[in-house]
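Everything in the sequence shown is counted per my numbering, starting at 1 for the first residue and increasing by one. This report refers to the structure that appears directly beneath it.
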Amino acid sequence: MRRWQHCLRETVLTLTVATGVFLGVQAWLTRDTPPRWMDAGTVTWLMADGTQHRGTLDELRARLGVPADAPVALHVWATWCSICRLEEGNVTALARDHPVITLATRSGDATAVHAYLRQRGLPWVTVLDPDGRLAAAHGWRSVPVFAVLLADGRLRHVTVGYTTGWGMRWRWWWARSA
1 MRRWQHCLRE TVLTLTVATG VFLGVQAWLT RDTPPRWMDA GTVTWLMADG
51 TQHRGTLDEL RARLGVPADA PVALHVWATW CSICRLEEGN VTALARDHPV
101 ITLATRSGDA TAVHAYLRQR GLPWVTVLDP DGRLAAAHGW RSVPVFAVLL
151 ADGRLRHVTV GYTTGWGMRW RWWWARSA
């Protein structure tokens with residue numbers, strides 16, 4: 001067999017195994033994620049300017065001016081998560097073009113989260129989950145988590161771990177197209 005054919009075969013085999021491992025790990029990490037957003041009733045959120053509000057997720061969507069039929073990207077993160085810090089630029093870039101709601105889990109109260117967002121220069125709309133109950137209700141034991149929340153409450157394309165910027169955009173586009 002020619003050297004280039006051997007190299008190509010090995011590359012394809014390696015990529016196939018790596019993809020299988022990745023998909024298997026994702027399936028394991030998202031195994032307890034329900035198919036729909038678990039309504040938490042009233043939640044507290046911070047707007048990008050630091051103002052604090054309370055209401056339902058639908059009220060937050062309306063405040064953001066998200067059309068009733070539009071999906072929303074959901075980014076679950078924590079102040080203590082180093083991988084979340086690596087994703088900050090991806091989330092911020094996505095939010096320039098598409099509706100994004102972030103959820104700060106196990107990261108303290110509104111004052112602590114606002115201080116973190118201000119220090120990092122993050123213009124995010126952030127739902128507060130100080131004790132992790134909201135993340136736990138969705139089966140998310142680790143962060144970061146990226147998902148697309150459809151208007152009817154269905155969760156799509158849930159991934160745990162680092163998600164690239166193009167991966168976020170592709171998932172949002174795919175959810176909108178479906």
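Note that CB positions come from ideal geometry on N, CA and C, so glycine has one too. It should be emphasised that the depicted structure is a prediction, and the values quoted were computed from it without experimental measurement.
With the cut-off set at 8 Å, would you say G139 and T105 are in Cβ contact? Cβ atoms of G139 and T105: not closer than 8 Å.
Taking the DSSP output, what are the residues bridged to R73? Per the sequence shown, the amino acid found at residue 73 is Ala instead of Arg. Beta-bridge pairing links A73 to V100 and V148.
Euclidean distance between Cα positions of A62 and G55: Answer to the nearest angstrom: the Cα atoms are 11 Å apart.
Roughly how many angstroms separate the alpha carbons of W80 and A95, rounded to a whole number? Those two C-alpha atoms are separated by around 22 Å.
With a cut-off of 8 Å, do at least 3 Cβ pairs link the region 113–120 to the region 38–56? Three or more Cβ pairs drawn from the region 113–120 and the region 38–56 lie within less than 8 Å of each other, which places the two stretches in contact.
Could you tell me which of R171, D39, W124 and E87 sits nearest to A135, measuring between CA atoms? Closest by alpha carbon: D39.
DSSP three-state call for G182: helix, strand or coil? Residue 182 is absent from the structure shown; the chain starts at 1 and stops at 178.
Thinking C-beta only, is V72 closer than 8 Å to V127? In this structure, the beta-carbon distance from V127 to V72 does not fall below 8 Å.
Taking its Cβ as the centre, do 16 or more other Cβ atoms sit within 10 Å of T14, making it buried, or is it exposed? Exposed, by the Cβ-count rule.
Might you give, ordered along the chain, the residues of its own chain that have their beta carbon closer than 7 Å to the beta carbon of V143, omitting 5 neighbours on each side? Within the same chain, V76, W77, A78, C81, C84 and T105 come within 7 Å of V143 by CB-CB distance, once the 5 residues on both sides are set aside.
Which residues does DSSP pair with G179 in a beta bridge? Because the chain spans 1 through 178 in this model, residue 179 falls outside it and cannot be assessed.
Beta-carbon spacing of L155, I101 below 8 Å: No, Cβ-Cβ distance for L155 and I101 is not below 8 Å.
In terms of residue numbering, what span does the alpha helix (DSSP H) encompassing R120 cover? Segment A110 to R120, the alpha helix (DSSP H) holding R120.
Return the chain-ordered list of same chain residues with a C-beta closer than 6 Å to the C-beta of T163, the five sequence neighbours on each side being excluded. So the qualifying residues of the chain are F146.
Taking Cβ positions, are V113 and L64 nearer each other than 8 Å? No, the pair does not count as a contact, with Cβ atoms beyond the cut-off.
Spatial distance of P35 from W4 (CA atoms): Between the alpha carbons of P35 and W4 lies a distance of about 45 Å.
Apply the 10 Å Cβ neighbour rule to S107 and answer buried if 16 or more other Cβ atoms are within range, or exposed otherwise. The residue is buried, with at least 16 neighbouring Cβ atoms inside 10 Å.
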